[in-house]
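Numbering (this note's numbering), first residue to last: 535 to 639. To start, the structure itself, in structure tokens.
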Amino acid sequence: EETLLRPIVSSMNTPTTGISKFLGKLVRRLFDKHVRSTTIIDGVHFIRLSKRCTANDCLKTTTYLCTFDITDIYTVLPQEESLDILTEFLQYGYRKVKRISIDAI
Numbered sequence: 535e536e537t538l539l540r541p542i543v544s545s546m547n548t549p550t551t552g553i554s555k556f557l558g559k560l561v562r563r564l565f566d567k568h569v570r571s572t573t574i575i576d577g578v579h580f581i582r583l584s585k586r587c588t589a590n591d592c593l594k595t596t597t598y599l600c601t602f603d604i605t606d607i608y609t610v611l612p613q614e615e616s617l618d619i620l621t622e623f624l625q626y627g628y629r630k631v632k633r634i635s636i637d638a639i
């Protein structure tokens with residue numbers, strides 16, 4: 535069995551660090567807004583949500599709950615495909631984000 539190795543290059547304190555942080559904050563706000571209804575933030579949020587679902591009869595006897603951790607996600611995401619997905623996400627309902635065009639982002 536062949537072991538595949540991928541280089542990991544640190545980008546800390548490089549010329550792109552500032553723009554990366556800026557774009558991360560810009561896109562994070564939009565992403566969080568869209569996934570808020572389907573994302574559990576922490577244990578307290580989970581308890582509140584499960585109580586609400588129980589009260590509203592959302593949870594059935596056939597409902598399964600599961601948790602999982604994703605590790606090393608950034609080493610397995612294809613860069614071009616990730617950019618295509620981000621572009622599609624931004625173009626779905628946005629022309630500009632904070633006066634910056636989607637093409638510029």
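We put the beta carbon where it would ideally sit given N, CA and C, even for glycine.
Query	Result
Unbroken stretches of the alpha helix (DSSP H), 4 residues or longer, contained in the segment 548-622	551-569, 577-589
Val631 beta carbon less than 8 Å from that of Leu538	no
Beta-carbon spacing of Thr551, Ser544 below 8 Å	no
Euclidean distance between Cα positions of Ile553 and Arg540	25 Å
Pairwise C-alpha distance: Thr595 and His568	28 Å
Pick from Ser584, Thr573, Val561 that is closest to Leu617, judged by C-alpha positions	Val561
Proximity below 8 Å, CB of Leu624 to CB of Ile604	no
Inter-residue spacing [alpha-carbon to alpha-carbon] between Ile574 and Lys555	24 Å
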